[in-house]
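Report on the structure given below.
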Amino acid sequence: MSLSAVPVAERGLEWIQGGDEAEIVLSSRVRVARNLQGFPFPGRAGREERADVAERICEAAARAESLDGGVIWRIDDLDPVDREILVERHLVSRDLLADDAGPSTSAFVLAAGEECGLMVNEEDHVRLQSLVGGLELEAAWRRVDRLDEELGALLPFAYHHQFGYLTACPTNVGTGLRASVLIHIPGLVLTKEISRVLEGISQVGLTYRGLYGEGSEVVGNFFQISNQTTLGKTEEDLIEHLGRVTGKVIDYERSARAVLLTEAPSVLEDKVWRAYGILRTARSLGLEEMMNLLSGIRLGVSLKLLKSPRVETLNDILVRGQHAHLERAAGGKLNEHDADVCRATFVRDKLARDEREAGRPPAEGSSDARAADGPPTGG
Amino acid sequence: MLCDDCKEKEAEVHLTAVEAEEIRSVHLCSSCAAIRGVSTDTGELHPGDTPPLADFLAQLGSVGSRPPVTAVTEPCPFCGISAADFRRTGRVGCSQCYVHFEAQLRGLLRRIHGSSQHAGKLYLSEASDLTDRLGQLSSMRRRMKRAIETEDFETAAELRDRIHELEVQE
Chain W
1 MSLSAVPVAE
11 RGLEWIQGGD
21 EAEIVLSSRV
31 RVARNLQGFP
41 FPGRAGREER
51 ADVAERICEA
61 AARAESLDGG
71 VIWRIDDLDP
81 VDREILVERH
91 LVSRDLLADD
101 AGPSTSAFVL
111 AAGEECGLMV
121 NEEDHVRLQS
131 LVGGLELEAA
141 WRRVDRLDEE
151 LGALLPFAYH
161 HQFGYLTACP
171 TNVGTGLRAS
181 VLIHIPGLVL
191 TKEISRVLEG
201 ISQVGLTYRG
211 LYGEGSEVVG
221 NFFQISNQTT
231 LGKTEEDLIE
241 HLGRVTGKVI
251 DYERSARAVL
261 LTEAPSVLED
271 KVWRAYGILR
281 TARSLGLEEM
291 MNLLSGIRLG
301 VSLKLLKSPR
311 VETLNDILVR
321 GQHAHLERAA
331 GGKLNEHDAD
341 VCRATFVRDK
351 LARDEREAGR
361 PPAEGSSDAR
371 AADGPPTGG
Chain B
380 MLCDDCKEKE
390 AEVHLTAVEA
400 EEIRSVHLCS
410 SCAAIRGVST
420 DTGELHPGDT
430 PPLADFLAQL
440 GSVGSRPPVT
450 AVTEPCPFCG
460 ISAADFRRTG
470 RVGCSQCYVH
480 FEAQLRGLLR
490 RIHGSSQHAG
500 KLYLSEASDL
510 TDRLGQLSSM
520 RRRMKRAIET
530 EDFETAAELR
540 DRIHELEVQE
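Right, dumping it as structure tokens:
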């Protein structure tokens with residue numbers, strides 16, 4: 001395993017290629033929280049203790065087969081833009097970067113194939129995670145489980161015979177597992193069915209939030225749904241339950257889209273085409289505006305109102321159209337106005353390139369507009 | 380009256396709990412009540428789900444039938460976190476806190492998760508304090524079966540070997 005010599009710019013984007021139900025479910029994530037016996041949790045530990053913990057975990061990570069050929073980044077070795085890029089890619093949390101004054105003791109590890117990784121010294125000593133495209137919760141869990149088995153054999157994890165794996169926050173204790181899906185449900189928002197669905201989600205032990213984690217606003221009709229509780233059920237039950245409820249939400253979303261196509265086809269088509277038109281021609285784009293318009297295009301592609309762009313292109317824009325990514329591409333700091341201009345240029349280029357690769361503009365797809373939604377058109 | 384937890388929204392749920400021979404009233408808004416596992420809705424529940432309110436009331440009811448729980452007030456001897464710090468931040472300081480503050484934590488975990496008994500993976504390290512070999516075996520057999528079902532034969536083979544080792548030790 002190499003130590004932070006690899007730039008972050010091209011890492012951690014495996015998921016954008018999609019997976020099962022990729023038009024509706026962008027990604028599936030599973031993480032488990034673990035702590036080492038004999039050390040206070042990071043929030044209570046001194047700098048030396050945290051550095052000691054980080055060293056032990058990085059040593060074990062270097063020996064774990066699941067992480068073979070992977071990369072360890074010490075947060076301190078990353079410049080501020082790279083740090084933000086990792087947050088924008090949902091690979092590290094903002095909490096991981098928020099070490100108090102002085103050198104950071106936090107680190108981030110990513111496997112060579114990017115299928116799994118870990119965060120060191122966030123709220124817990126280590127958080128093992130896997131991020132996969134589409135609705136692939138079981139695949140994500142298998143990767144995390146395997147990594148957990150390997151690290152658990154090399155490190156003494158804090159464990160209690162009744163409470164299970166011990167964590168800094170009692171809301172994570174037991175399995176330490178948080179599984180989530182990032183789901184795009186504009187049909188439910190447009191038909192105003194969303195509050196009923198979200199209420200249902202809350203009643204069956206799940207919780208929801210916006211794209212950027214706890215307390216974040218919902219933009220672009222993207223919601224993260226995850227398990228609320230971690231104790232008293234097996235990991236498999238938690239994963240299966242989230243998968244089953246997500247399947248139901250997808251069914252509701254499809255019904256809502258079918259209703260929209262029957263009852264208000266021209267309104268829907270107009271919304272989709274306006275979204276495409278603006279993103280294809282705008283000269284200045286705010287992040288939120290981009291997200292909302294991408295939502296319209298994604299809906300259009302899913303309903304075959306548009307034949308391109310590909311879902312992968314939309315995912316790519318969603319990631320690289322964010323501020324730190326634009327700064328990295330521009331090679332310097334950008335104020336909000338300049339970032340909006342760069343974002344518009346970037347999106348126009350991406351869509352133009354996708355059109356060229358598809359060999360046609362998206363217009364030709366509209367003839368079968370009223371067919372029910374189906375598998376990705378693939379451009 | 381404002382919610383005891385967030386101190387922002389109007390309290391809609393009013394509960395009286397008897398804990399450690401002390402009567403305590405809690406006033407919560409609907410979101411904070413949901414966080415604590417108290418449902419204010421009588422909406423449909425899926426089969427197998429325990430209604431959170433019933434669960435909560437069952438816990439309250441069971442307090443009287445047990446010896447009163449004495450809340451620990453001394454700081455954790457390992458990390459030094461006080462009960463007040465724990466209440467304020469909602470975070471414990473170390474794994475020993477779970478032993479030291481066990482009395483408070485058990486009730487809290489039941490309120491958060493609807494259970495205080497881990498049902499997931501058993502930790503198999505030698506350093507673990509686990510003695511339930513039968514539990515380990517059944518967990519590993521379950522996981523092996525699942526690995527076979529998902530055609531993860533590498534994991535299945537690893538588990539098979541470890542099950543064999545444990546059986547030999549029996």
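Protein sequence lines correspond, in order, to chains W and B. The first sequence lines up with residues 1 to 379 when you count with my numbering. The second sequence lines up with residues 380 to 549 when you count with my numbering. Ideal Cβ placement from N, Cα and C applies to all residues, glycine included. Please read all numbers here as calculations on a predicted model, not as lab measurements.
{"Check": "Test: W/Val120 CB closer than 8 angstroms to a CB of chain B", "Outcome": "no"}
{"Check": "Minimum Cβ-Cβ distance from W/Glu235 to chain B less than 8 angstroms", "Outcome": "yes"}
{"Check": "For B/Ala498, the nearest candidate out of W/Asp251, W/Glu236, W/Arg31 (CA to CA)", "Outcome": "W/Glu236"}
{"Check": "Start-to-end residues for the beta strand (DSSP E) that takes in W/Lys127", "Outcome": "In the sequence under discussion, the amino acid at residue 127 of chain W is Arg, which differs from the Lys named in the question. It spans 126 to 133 - the beta strand (DSSP E) in which W/Arg127 sits, taken as one unbroken run."}
{"Check": "Close-in-space but distant-in-sequence residues of the same chain around W/Glu123 (CB under 7 angstroms, 5 per side omitted)", "Outcome": "Pro42, Gly43, Asp95, Ala168, Cys169"}
{"Check": "B/Leu484 at chain W interface by Cβ criterion, 8 angstroms", "Outcome": "yes"}
{"Check": "Limits of the beta strand (DSSP E) - the one that W/Val109 falls within", "Outcome": "107 to 110"}
{"Check": "Proximity of W/Leu287 and W/Ala344 at Cβ, strictly below 8 angstroms", "Outcome": "no"}
{"Check": "Distance between B/Val547 and W/Ile225 (C-alpha atoms, nearest Å)", "Outcome": "44 angstroms"}
{"Check": "Of the listed residues W/Ser255, W/Ala139, W/Leu151, W/Thr207, nearest to W/Val189 (C-alpha basis)", "Outcome": "W/Ser255"}
{"Check": "Residue interval of the alpha helix (DSSP H) (run including W/Tyr276)", "Outcome": "265 to 281"}
{"Check": "Beta carbon proximity, W/Gln17 to chain B, threshold 8 angstroms", "Outcome": "no"}
{"Check": "Same chain, Cβ closer than 6 angstroms to W/Arg31, neighbours up to 5 away in sequence not counted", "Outcome": "Arg127, Gln129, Arg178"}
{"Check": "Under 7 angstroms by beta carbon: chain W residues contacting B/Ala498", "Outcome": "Gly232, Lys233, Thr234"}
{"Check": "Any chain B beta carbon closer than 8 angstroms to W/Gln224", "Outcome": "no"}
{"Check": "Contact with chain W by B/Ile491, beta-carbon distance below 8 angstroms", "Outcome": "yes"}
{"Check": "Residue environment, W/Asp270, which counts as buried when at least 16 other CB atoms sit within 10 Å", "Outcome": "exposed"}
{"Check": "Alpha carbon of W/Gly46 to alpha carbon of W/Phe39, nearest angstrom", "Outcome": "10 angstroms"}
{"Check": "Contact list for the region 174 to 187 of chain W against chain B, Cβ threshold 9 angstroms", "Outcome": "Gly174, Thr175, Gly176, Leu177"}
{"Check": "Span separating the alpha-carbon of W/Leu334 from that of W/Val92", "Outcome": "22 angstroms"}
{"Check": "Rounded straight-line distance, which links the Cα of W/Leu318 to that of W/Ala339", "Outcome": "15 angstroms"}
{"Check": "contact_flag[the region 199 to 209 of chain W, the region 63 to 82 of chain W] where n(CB pairs < 8 angstroms) is 3 or more", "Outcome": "no"}
{"Check": "For W/Arg178, the three-state DSSP class (helix, strand or coil)", "Outcome": "strand"}
{"Check": "Proximal chain B residues relative to W/Phe41, where beta-carbon distance stays under 9 angstroms", "Outcome": "Cys458, Arg470, Val471, Gly472, Cys473, Ser474, Cys476"}
{"Check": "Min CB distance W/Glu138 to chain B below 8 angstroms", "Outcome": "yes"}
{"Check": "Exposure of B/Thr452, with buried meaning 16 or more beta-carbon neighbours within 10 Å", "Outcome": "exposed"}
{"Check": "Rounded straight-line distance, which links the Cα of B/Ala450 to that of B/Arg481", "Outcome": "With the sequence shown as reference, residue 481 of chain B is identified as Glu, and Arg is not the correct amino acid for it. Roughly 9 angstroms separates the two Cα atoms."}
{"Check": "Proximity winner among W/Glu240, W/Gln322, W/Cys58, relative to B/Arg525 (alpha-carbon distances)", "Outcome": "W/Glu240"}
{"Check": "Exposed unless 16 or more other CB atoms sit within 10 angstroms - verdict on W/Phe163", "Outcome": "buried"}
{"Check": "Proximity winner among B/Glu533, B/Arg520, B/Ile527, B/Glu530, relative to B/Ile542 (alpha-carbon distances)", "Outcome": "B/Arg520"}
{"Check": "Per DSSP, the bridge partner or partners of W/Thr207", "Outcome": "W/Ser226"}
{"Check": "Per-residue DSSP class, three states only, for W/Ser255", "Outcome": "helix"}
{"Check": "Nearest-angstrom Cα separation, counted from W/Cys342 out to W/Ile16", "Outcome": "21 angstroms"}
{"Check": "Which listed residue (B/Cys473, B/Arg466, B/Arg467) has its alpha carbon closest to that of B/Cys455", "Outcome": "B/Cys473"}
{"Check": "C-alpha gap between B/Arg522 and W/Val204, whole angstroms", "Outcome": "25 angstroms"}
{"Check": "Chain B residues whose Cβ lies nearer than 7 angstroms to that of W/His160", "Outcome": "Tyr477"}
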